[in-house]
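Numbering (the working numbering), first residue to last: 561 to 744.
Even for Gly, the Cβ is constructed at its ideal location relative to N, Cα and C.
Computed from a predicted model, the values in this text were never measured in an experiment.
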């Protein structure tokens, strides 16, 4: 059963369309027998995707730093909750457990995780698909910045293949499967 880390917001104050997308992705993962690896939270998109997986009997692995668990941000229904010492060890756990990475909309934490993943892919420190789900153009400015890095020669032309963009959550699994077949 492949494992996919999903980076996403912990805020519940976001437009409901983002929460619905997280729920839909969780249902899709369940239907495709994909294990969710995520930040361990119970609120926002994190809570929505975990809840949707749990309600359909899907496999969920939460990864949360001790300080977040101390303030009870962890999802109490996730049985496989891995506690880490820091945010850095949390990300390393994501990389170690995963066969693919997916970014749903989120704030600076989500963006930081995506940037570090792309950097590690570029440095050949890991090898797996990285998919940015650009719901309603949410990531347009970020994707433009990544492309500008290439256009301005701060990254190589080949680096554009380090990330893929999906417009909807229904595009994620077909894209992952295609990339896995290509051994990316």
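query: Using the C-alpha atoms, what's the distance from residue 630 back to residue 717?
result: Computed Cα separation, rounded: 44 Å.
message: For residue 640, count the other beta carbons within 10 Å of its own beta carbon; 16 or more makes it buried, fewer makes it exposed. Which is it?
response: Flag for residue 640 reads exposed.
- prompt: Helix or strand or just coil, what does DSSP make of residue 565?
  reply: Strand, per DSSP.
query: Does at least one heavy atom of the ligand COA sit under 7 Å from the Cβ of residue 738?
result: Because no ligand of any kind appears in the structure shown, any question about the ligand COA cannot be addressed here.
message: Can you look up residue 625 in the DSSP assignment and give me helix, strand or coil?
response: Residue state, collapsed to three classes: strand.
field: Bounding residues of the alpha helix (DSSP H) (the contiguous stretch that carries residue 692)
entry: It is not in any alpha helix (DSSP H) - residue 692 instead sits in the beta strand (DSSP E) that spans 690-693.
message: Please tell me whether residue 585 and residue 695 are closer than 8 Å, where the distance is taken between their beta carbons.
response: A distance of 8 Å or more separates the beta carbons of residue 585 and residue 695.
query: From residue 679 to residue 634, what does the alpha carbon distance come to, in whole angstroms?
result: Going by the C-alpha atoms only, they are around 28 Å apart.
Rounded C-alpha distance that separates residue 598 from residue 661: Those two C-alpha atoms are separated by around 10 Å.
- request: Check whether the Cβ atoms of residue 609 and residue 569 lie closer than 8 Å to each other.
  value: No; because the gap between Cβ atoms is not below 8 Å, this pair is not in contact.
- request: Note down the Cα distance separating residue 730 from residue 625, rounded to an integer number of angstroms.
  value: Using only the alpha carbons, I get a separation of about 30 Å.
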